[in-house]
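Residue 140 is where the sequence shown ends in my numbering, and the numbering goes up by one at each step. Each residue gets a CB set at the ideal place from its N, CA and C atoms; glycine is no exception. Before any comments, here is the structure.
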Amino acid sequence: MILDDRLSDRFVCELIWRRLGYELQGELIWRAGPTTPAAWAEAFPQAPELIAERPASVRLTRSIPAEHKQLLKAQLGFAGYRISELVPRRTRRATAVSWLLADQAARGEVLPEQGPLPEPLVPPESPLQGHPGDPAVH
């Protein structure tokens with residue numbers, strides 16, 4: 003559903019922030035917690051917008067271990083986007099899924115067949131803009 007743009011960028015970020023040890027403080031502020039890796043906590047004391055912000059997305063990409071870089075294709079059969087579909091938001095969402103799969107593999111967890119998800123959203127008309135409430139991509 004992430005690759006199909008059926009979940010908000012915020013929801014995708016929250017999945018990753020939790021696994022990086024960021025903690026919700028207040029209603030919408032996520033801050034580095036005691037289990038947040040030092041490199042992340044130093045670079046991003048407040049959880050970064052992983053899809054909207056290039057530096058955060060680059061760090062996420064670089065943090066995927068080499069042995070897990072092909073999980074997106076191996077586990078989900080994702081062959082990538084067509085050239086005409088390549089926009090930063092889409093490629094960063096693919097990076098997010100790749101990171102989630104790599105983190106799951108590193109923890110020895112198995113990809114669940116199903117689980118709790120929010121109500122799927124209609125994909126946005128423009129993949130450049132995202133869903134209502136998603137931050138602007140830079």
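- Inter-residue Cα distance where the pair is L88 and L119: Along the sequence shown, read from residue 1 onward, the residue named residue 88 stands at position 86. Along the sequence shown, read from residue 1 onward, the residue named residue 119 stands at position 117. Distance between L88 and L119, taken at the CA atoms: about 26 angstroms.
- Item | Which of helix, strand or coil DSSP assigns to R33 | Translated into the one-based positions of the sequence shown, residue 33 becomes position 31. Correct three-state label for R33: strand.
- the region 16-34 contacting the region 97-117, beta-carbon criterion three pairs below 8 angstroms: Yes: the two stretches touch, three or more of their Cβ pairs being nearer than 8 angstroms.
- Task: Take P2 as the anchor and find which of P67, A34, A107 has the nearest alpha-carbon.
- Result: Residue 2 lies beyond the residue range present for the chain, which begins at 3 and ends at 140; the question has no answer from this structure.
- Query: Regarding E111 and the ligand NAP, is the C-beta to nearest heavy atom distance less than 7 angstroms?
  - Reply: This structure does not include the ligand NAP; it has no bound ligands of any sort.
- Task: Determine, using beta-carbon pairs with one atom in the region 119-134 and one in the region 7-14, whether at least three such pairs fall under 8 angstroms.
- Result: Counting C-beta pairs with one atom in each stretch, the region 119-134 and the region 7-14 have three or more that are closer than 8 angstroms, which means they touch.
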